[in-house]
Structure formats: structure tokens, C-alpha cells
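Please read the structure below before turning to the comments.
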Amino acid sequence: MLKYRNILLATAVLGLGFAVQGCSTPQLAAEATKKAMRKDEQPPNAQFAALKPGGVYKVGNPYQVAGVWYYPKEEPNYDETGIASWYGHPFHGKATANGETYDMNELTAAHKTLPMPVMVRVTNLENGRSVVLRVNDRGPFVNGRVIDVSRRGAQLLGFEGKGTAAVRVQIISPDVGPAGPVIAQRIETPAEQRTAIAAVPVGKVTSESLAPPPGIEPAPPGRRPEEPAEVSFVGTSGVPKIYVQAGAFSQRERANSVVSRIQNFDRAFIQPVAAQGRELYRVRIGPLASVEQADATLDRAIKNGFAEARIVID
66 MLKYRNILLA TAVLGLGFAV QGCSTPQLAA EATKKAMRKD EQPPNAQFAA LKPGGVYKVG
126 NPYQVAGVWY YPKEEPNYDE TGIASWYGHP FHGKATANGE TYDMNELTAA HKTLPMPVMV
186 RVTNLENGRS VVLRVNDRGP FVNGRVIDVS RRGAQLLGFE GKGTAAVRVQ IISPDVGPAG
246 PVIAQRIETP AEQRTAIAAV PVGKVTSESL APPPGIEPAP PGRRPEEPAE VSFVGTSGVP
306 KIYVQAGAFS QRERANSVVS RIQNFDRAFI QPVAAQGREL YRVRIGPLAS VEQADATLDR
366 AIKNGFAEAR IVID
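Okay, so the sequence shown: first residue is 66 according to my numbering, each after it adds one.
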């Protein structure tokens, strides 16, 4: 189980006079946020007529967790790399942010701003495994995490034991078939993302239905059999490189200034890139050897005034 979902809140024990177990401060805030979100549920969208009982299609209003504001919106071209984590207990059986019931054995995920529900393809850039997951919850509310997948999703992607993985997350346009939402053709990747992600070379991607990795638990007795998950394999060119990006600037002088500030606590470099017909100057720290090192570097950058810093994968 991920560390940040298993921290005991000593402050809550002292302040409220009772013990709260299996939660972290972001988790408590997330629980309250989800309850507030469900009070503002929207009527189901026609695209998602076959939602699970209690679920609704929604984008949601801006919300705040642990002092950070998030702004949900529809992003038909969403394509991002970052660090994925997974969650199971104690959220199993509880309501998700759009009113469904979370089942850690299903192929679902939590995202901070994407509409719910929406289908996304998550690719583990460390081993090439790729699965389609259904976003129906909010989170993860931890710096440097781009998506929180269900336990089943983590099993198929091959990082349940490790806890985190470098991933690419791409939205898949929904459509409606006789049995409800089905997967439509994958969207085109923006030019900037194509050049930024060296771990996923251009080429033909083949897929086949695979058995779960060794050691995966079978479905609980009496559980309705699920349709086999399609696990695709994408060619990789080695271990993905992890960076902390302090910002991207249109002026080289501004990027130089940021690098000078970072030199007080870390080493940074400027990476020029072409994006939408203009040149940008990314200021990055790294490459970093592990997710743990990236987390520590990100925390250090934020504490030194770079509130918009984030973890990126190349």
C-alpha cells in the first residue's frame, strides 16, 4: 500500500480527540472534497448512458485540497507523462467523486481534473505495458503524481509491488455502442509530446489479451467475471528519464534567471524546444535516479518558491 495513504494523523488525534487510521492529510481533504462534489452532481451525459448505479457524468467545479486549487475541465487532447501511483484499501467500497462505488479490482483510476467518467490509456514507460482505465474519481493529491490507478490497474501495468511508475496518460474519446460506452480511436499526440517522450518511439503498436502477471490474485469467489483486459505492449528504448521542471519560458533571459535561482539549492539546465511554432526554454533539474529522488527534488523546489514545479518524464 502506498505510504501516503497509510499515515496516521497524530494532529487529528490531538485536535479532534479520536484516532484516524489509514489516512493522510490530503486523504482527509480528498474525502471531504468528494462529498462536496457529489452534492453538485450533474445529469448524466448522453455519451455515458450506461454508467454504473449512482454515477453521473460531470466535469466539476474548481476545488481546493490541502491549500492547492484544482480546475477540472474537458481536455479532449490530454496527453501527459508523469508518475502514477495506485490505491486500494481503505477506499475500497466507498463512493467515488462522481457517485459510483470504488472497486479496487476493476480497471479504474483517479485524476485531479479530467471529466468523470472518461477513458484513458495508461502506459508504463518502464516496461511497455499499456491498459485502458476508466477515470471515475479525484486524486491523487500528492505532489508529482499524475494519476492514481486501481489496484487491478497497477497489477496489469506491473507496478503493484513497487508502488509507483513512470507513465504516459492519454485520453480516449468515448462513444456509445449497444452496451454503452465503448473505446473510440485514439487521438493524435501533439507534436511537443511526440518529441518529448523518447521512451515511446514511433512505430506500430501490437496488442493481445494477456494473462495477469505472476502472483496476481484471482477474482474473489462469486464475483461476476470481467471481460479480459487488453494489455498492449509498446516498444521502449530503456529506462525513462525523470526530471523536475521548474517552468518553460518564451525568453532565454527569464530561463537564465530561474537557473541562477535554482543553483542556490540544486543543479539545473535549459532545454530549448519548439512548441506551436515558437521556441520555449524549459528549466529542468535532473535526470533523477528514482521516483523517491524526484519527490525530494520537487519538494525542495516548491519550498524554494517554485510552486508550479512538476515531475516530467522523457
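C-beta atoms are modelled at their ideal positions from N, C-alpha and C, and glycine is treated no differently. Quick caveat, the model's predicted, so the values are computed rather than measured.
Opening and closing residue of the beta strand (DSSP E) in which S195 lies: R194 to D202
- Message: Measuring only the C-alpha atoms, how far is A320 from F314?
- Response: 6 Å
Could you tell me the alpha carbon to alpha carbon distance between N110 and K123, rounded to whole angstroms? The pLDDT assigned to N110 is 41, lower than 50, so where the model puts this residue is not dependable; a value taken from the coordinates is nonetheless given after this. Their Cα atoms are separated by approximately 8 Å.
| Is there contact here, the region 137-153 with the region 194-201, by at least three beta-carbon pairs under 8 Å? | no
Between which residues of its own chain and G147 is the CB-CB distance below 8 Å, once the five residues before and five after are set aside? G209, R210, V211, I212, A231, V232, V234, R375, I376, V377 and I378
Spatial neighbours of F371 in its chain, beta-carbon cut-off 6 Å, leaving aside the 5 residues before and after: A311
- With DSSP as the reference, label V356 as helix, strand or coil. helix
Margin query: Suppose you measure from the CA of D360 to the CA of P180; what does that come to, to the nearest Å?
Written below: 27 Å
Give me the Cβ distance between N126 and N163, rounded to the nearest whole Å; I'm assuming they're in contact under 8 Å. In fact, because the Cβ distance is near 13 Å, the residues do not count as touching under 8 Å.
*Which two residues bound the contiguous alpha helix (DSSP H) that contains Q129?*
Q129 -> not in any alpha helix (DSSP H); beta strand (DSSP E) instead, spanning Y128 to V130.
Simplified DSSP state of E165, which is helix, strand or coil: coil
Practice prompt. Can you give me the Cβ contacts of N170 inside the same chain, cut-off strictly under 6 Å, excluding the 5 residues immediately before and after it?
Written response: R217
**Message:** Looking at the secondary structure, which residues open and close the alpha helix (DSSP H) in which G218 lies?
**Reply:** R216 to L222
| Looking at A333 and R349, is the spacing between their C-beta atoms short of 8 Å? | yes
Complete runs of the beta strand (DSSP E) confined to the region 300-375 [at least 3 residues]: 307-314, 334-340 and 343-353
key: Minimum C-alpha distance to L345 - residue among L353, P352, Q336 and G351   = Q336
Query raised in the report: Looking at C-alpha atoms only, which residue of E373, D364 and V356 is the closest neighbour of T229?
Result: V356
Buried or exposed: E373, going by 16 or more other Cβ atoms within 10 Å of its Cβ? exposed
Legend entry - Residues bridged to E145 [DSSP beta-bridge criterion]: V234
- Item | Limits of the unbroken beta strand (DSSP E) element including Y135 | V133 to Y135
Check whether L172 and L190 have beta carbons under 8 Å apart
no
Quick check on this structure: which residue in V121, V183 and V187 has the alpha carbon closest to the alpha carbon of A382? There is simply no residue 382 to check, as the chain begins at 66 and stops at 379 in what is shown.
Three-state secondary structure (DSSP) of Y152: strand
- Item | Delimiting residues of the beta strand (DSSP E) encompassing A174 | T173 to A175
Compare the beta carbon distance of V130 and F206 with 8 Å and say whether it is the shorter of the two.
yes
Grouping DSSP H, G and I as helix and E and B as strand, with all else coil, what is F206?
coil
For this session: Quick one: using the 10 Å Cβ neighbour count with 16 as the cut-off for buried, is A354 buried or exposed?
Result: exposed
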